Amino acid sequence: MSLNVNKVWLKRNEQEILVKSSDIEPGDHVVIRMGNVIPFDGEIVTGEGMVNQASLTGESMPVAKRESSYAYAGTVVEE
93 MSLNVNKVWL KRNEQEILVK SSDIEPGDHV VIRMGNVIPF DGEIVTGEGM VNQASLTGES
153 MPVAKRESSY AYAGTVVEE
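At position 4 of the sequence shown (counting the first as 1) the number is 96 in this note's numbering, and the numbers step up by one without a gap.
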């Protein structure tokens with residue numbers, strides 16, 4: 093699933109580049125920062141954070157996400 097997001101940060105060769113979201117392919121690593129909406133469903137490959145999933149579940153308490161966790165489009169990284 094993908095949201096209507098025009099551009100995202102793609103991590104490639106240890107650099108972050110801003111690309112059109114339509115250029116993202118399965119297996120690409122997209123960088124999401126605190127306060128950002130997660131634009132695609134996918135697995136977390138590095139890092140960790142607290143994600144507000146209220147848009148999906150109605151639950152207002154953030155959920156811890158870390159490597160190997162699954163994140164859903166439309167949720168928000170809170171911290």
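Beta carbons are placed, not taken as given, at the ideal position from N, Cα and C, and that holds for glycine.
These figures come from a predicted structure and were not determined experimentally.
Cutoff 7 Å; reference residue i; Cβ partners in own chain excluding five residues on either side
| i | result |
| --- | --- |
| residue 171 | 126, 141, 142 |
| residue 154 | 142, 143, 144, 170 |
Residue from the options whose Cα sits closest to the Cα of residue i
| i | options | result |
| --- | --- | --- |
| residue 139 | 121, 151, 150, 100 | 121 |
| residue 97 | 115, 108, 106 | 115 |
| residue 99 | 105, 124, 118 | 124 |
Host beta strand (DSSP E) of residue i (start-end)
| i | result |
| --- | --- |
| residue 156 | 155-158 |
| residue 144 | 140-144 |
| residue 100 | 99-104 |
| residue 111 | 107-112 |
Contact set for residue i: own chain, Cβ-Cβ below 8 Å, skip 5 residues either direction
| i | result |
| --- | --- |
| residue 152 | 144, 146 |
| residue 136 | 157, 158, 159, 160, 161, 162, 163 |
Sequence-distant residues of its chain with Cβ nearer than 6 Å to residue i (five each side left out)
| i | result |
| --- | --- |
| residue 93 | A caution first: residue 93 carries a pLDDT of 46, below 50, which makes its placement in the model unreliable, though a value can still be read off. Excluding positions up to five away in sequence, the list reads 133, 165. |
| residue 111 | 102 |
| residue 228 | Residue 228 is absent from the structure shown; the chain starts at 93 and stops at 171. |
Beta-ladder partner(s) of residue i, from DSSP
| i | result |
| --- | --- |
| residue 129 | 168 |
| residue 134 | 163 |
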